[in-house]
Each structure stands twice: as C-alpha cells, then as structure tokens.
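Undergrad: Per numbering that gives the first Met the number 0, the sequence shown starts with residue 0, numbered consecutively.
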Amino acid sequence: MINIVIFCVIVILYFGFEQHRDRQAYMAILLYGVYILIYEFVPPFPSVTSSHIGKLYGLVPMLSVGAILFPHFNTKSPEVVTRCIGWLGLLSVFVILAMFKILIW
C-alpha cells in the first residue's frame, strides 16, 4: 500500500513543479498506475515475502518513474539516457511481474 502513497506523491510533485509536460510523462504515470493496481490487487499473491521482492517490485519501478519524470536530477547523464534507463527499468519489472502473476504464483 505504500506504493500507492508514493505514486500519489510522485504525481503531485510532477504536476506541481514541472513547467513543461510531455507524452512520455503521461505514459509513465499511466503505466506505473496500472502496475500498482496489478501488483496490489490482482491475485495470485506471493506466498512468501522477502526484502528482495520488495526491492524489485517496489523500489525499481518507483525509481524508474522518477527517472522518466525528473531526468534533470541526474546531472551526469543526458536526459535522453536517463529516460531510456527509466523506461527499461519500468518495462522490465512490469514484464517480470506479469510473468510471475501468470506462470509462477
């Protein structure tokens, strides 16, 4: 449930402080929202939990969306590279979650 709170905070920060809005940001917010709905509310759920599951399914998508929405915070890489890495992380975790929900859990 902490993912829902973090999602709301990220969206509020983006719409509160960013001057320009682009399609990538809306797509990332939409995909992250769908991801959270699937992760939190669609069964089956994992029978065991660990800190590694929490890091993979909670921290990686959150950081990926942050990289997509706020690429200017990474001053060592161009914004395009930061956004590409963010998309790679978000889509990878989304696919891994879908495969686990469908095939393993």
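Glycine included, each C-beta is placed from N, C-alpha and C at the ideal position.
None of these values were measured; they are calculated from a predicted model.
(1) Based on Cα-Cα distance, which residue from Tyr56, Ile35, Leu36, His71 lies nearest to Phe16?
(2) Please report the distance separating the alpha-carbon of Tyr13 from that of Tyr34.
(3) Which class does Gln18 belong to by DSSP, given the choice of helix, strand or coil?
(4) Quick check: the region 23-31 against the region 68-86, are at least 3 beta-carbon pairs closer than 8 angstroms?
(5) Would you kindly work out how many angstroms separate the C-alpha atoms of Asn2 and Gly57, rounded to a whole number?
(6) Among residues of its own chain, excluding the 5 on either side of Ile52, which ones have a beta-carbon nearer than 7 angstroms to its beta-carbon?
TA: To lay it out plainly:
(1) When each option's Cα is compared against that of Phe16, the closest is His71.
(2) Here the alpha carbons of Tyr34 and Tyr13 stand approximately 18 angstroms from one another.
(3) DSSP places Gln18 in coil when its eight states are reduced to three.
(4) Touching, yes.
(5) Asn2 and Gly57 have their C-alpha atoms some 7 angstroms from each other.
(6) Answer for Ile52: Pro45, listed in chain order.
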